[in-house]
Structure formats: structure tokens, C-alpha cells
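Structure first, commentary second.
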Amino acid sequence: MKPFSTTVFATTLTSLLLSPFAAAEEVNTTLSWSSNSNVVIDVPRGDIEVLGTDSTSVTVSGRIDSEAEAFIFEQQGDVLRIQVKLPRNWGNQQNNAKQFSDLKISLPSQAQVDIDVVSTDIDISKVNSIEIESVSGDVRASVSSDSVEIDAVSGDVTVREANGSIDIETVSGDINADDSRGEFELSSVSGDIRGKNLNGELELESVSGDIEIDILELTALEGRSVSGDIGINGKTLALKSELELETVSGDVTLSIADIGSVSVHAHTGGGGDIDNDWSEDNVQKSKYGGNKSLEFGSGAKTVTLNTVSGLLALKRR
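If you count by mature numbering (1 follows the signal peptide of the UniProt record, and there is no 0), then the sequence shown holds residues -24 to -1, 1 to 293, one letter each, in order.
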């Protein structure tokens, strides 16, 4: 193993070189946080727990990766950096008998937190603004925040108690959003998207993954899927709410307890079907091509459903 160094910049510079045969090292160190500085965290693998506090300092404690070349903890300009530096070829090495980083980081809640990891699992809470990029690690965030932006490849993402702008994108990982309100943009290629007790405006997109959302009050919703199913459950439709759901071959189920006065526009291709429990209106079938449509209502609330070969179902919750 290459020599490991701990570097801390504060009013002085301290450097500690450890034996190349040492096991994973423990750290417990603190830096003052300059107001409005971004906290940038770069830990390629392992586990990190990030906790927002009322303090004006940043503390890092726990274990550093046994293969680390350096641990960098410094304030430079408007960036406070926390980095575990690994050898360039670390991803090609065998993982047997290695200890990965396991760090707890406490920092001011009002700090903008930017996290860049590869296979690190992340737990983050009580932070106002976060931006995370991850490859294969899972992300769990419980934040009363202004802004949440998470971009993951194969890891799962779970967000709870968020409040504000919530933008989550994955490739094959699942997305779970619970007990949150705000403006949501949730997107996955093959992962599933699930939400419970959500309130606000939602934009949902999936290619082959399923979408299942439980909304307290629907205000604005756009949902699109190619082959995945879309299921939306809600107590009521807000005044002047707009819902638009669309698939190619996936089914769409919209279950609402209290629909009130609503305008519905549902259309399918030749291979699709429509199931209507909201009214006594009949589904119309075109003379040629087998396309089906359902139109009724004239309220300020609008629901638009489209599919090529899937089922469009309007259900009473």
C-alpha cells in the first residue's frame, strides 16, 4: 500500500505520513466554515453520513480507506473540500481484505453540499441544499431543503421530508420519494419510481420502469413511460389542477377519491383500451383503426391520458 497522508488547512498546514503497512486510519478533525462556502465531498467508496447542524464548523470523523494515498480537508476560497484520494487504478484492484472509508461529517445546515462518489453509500439529513453524483452507491436523504439534485447510475435513491425543488435522475436505480412537498422532477430509465404522501407539482419519466405515486393533493402532474406502468393515487384534485399521463405500451391507472368537477380527455391507439369508473360516459371507438377515446366534463381541472396499446383506467379510490 502506498503511504497515506492527512492534510488539513486551517491557519497552519499539517501533514502526517503513515506507514505504508498501516491499516485503515481513523480521523477526527474540525475546520471553521467560511460563510457561503460550498462543502465539496469526494469519497470514491465506502459509507458517508452527512448531518446538518447549527454549528459554523465542519467536523469529519471515522475511518479512511486503507488504500488511500491522501486525506484532504481544506478551505480554499469559497470551497471547503473533503477528499479521500485513492490510486488511479483503484477500481481495477481486488477488494479482498480492504477497509473502505466510513465517515461521519457534520456541517452547517445552510451550506451548499456537493457530493461526488463512485460506489459510496450516502446518508444525508438536515441540509438545505444538496447536489449528488453517484455511480453505484445508494443515496438516502432526509432533508428540509431548498434544493435537492441527485444523479445516479445504478444506485437506489430515497428522499424523505424534502421541501423545495427536488430533481432526481437514475439509469437503473429505483427512486423513492416520501413525505415531501415541492416541485419534483423524477426520471429513470429502467428503475421504478415510487412516492408516498407527496404534495406539489410532479414531472415523472421512465422508459421501462414502473411509476407508482401516492399524492395528498394533485396540483400539476406530467408522467411519461414507454413500457412501464403508471399508477397515480390521490385524495383529491386541486382547483385548476392539470394532469397529463402518457405511455406507449404501459398501463395507466388514475385513482382519485374526490374528483369534483373535472374535464377528461383519454385516447388510445388500436391496441389500447379505456376503463371508466368516473362517469357514465361511454368509450367511443373509431370506425377504422380501432382507436378509442373518452371525453367528458367541463371543469377547471383537466385530465389527459394517452397510450398506444396500454390500458387507461379511471378509478374511484
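Here a beta-carbon is modelled for each residue, glycine too, at the ideal position from N, C-alpha and C.
| Check | Outcome |
| --- | --- |
| Near D18, which residues of its chain fall below 6 Å by C-beta distance, leaving aside the five closest residues on each side in sequence? | Q59 and D92 |
| Only counting the same chain, and skipping five residues up and downstream in sequence, which positions put a Cβ closer than 6 Å to that of A(-3)? | Low per-residue confidence applies at A(-3): pLDDT is 46, beneath 50, and the placement is therefore not dependable enough to give any value. |
| Out of K102, G207 and F272, which has the shortest C-alpha to C-alpha gap to A242? | F272 |
| Between K263 and I250, which are expected to be in contact by the criterion C-beta below 8 Å, what is the C-beta distance as a whole number of angstroms? | Actually they do not touch by this definition, with Cβ atoms about 17 Å apart. |
| Starting from D154, follow the beta strand (DSSP E) in both directions and report where the run begins and ends. | I151 to S164 |
| Hey, out of T134, G265 and W66, whose CA is closest to P20's CA? | W66 |
| Jot down the residue ranges of each uninterrupted beta strand (DSSP E) in the region 1 to 58, minimum 3 residues, whole runs only, in chain order. | 2 to 8, 14 to 18, 21 to 29, 33 to 39 and 46 to 52 |
| Out of A138, G199 and L194, state which residue places its alpha-carbon closest to the alpha-carbon of D168. | G199 |
| For the pair the region 95 to 114 and the region 124 to 138, tell me if three or more CB-CB distances fall below 8 Å. | yes |
| Rounded to whole angstroms, what's the CA-CA distance from E181 to E1? Just pull it up for me. | 43 Å |
| Got a sec? Which residues, its chain only, sit under 6 Å from K277 by beta carbon, not counting five neighbours each side? | L213, S217 and V238 |
| If we require 3 or more residues per run, which beta strand (DSSP E) segments fall completely within the region 179 to 225? | 187 to 201 and 206 to 223 |
| Nearest-angstrom Cα distance between S37 and E222? | 48 Å |
| Measure the beta-carbon distance from G210 to I191 and round it to whole angstroms, keeping in mind my assumption that it falls under 8 Å. | 4 Å |
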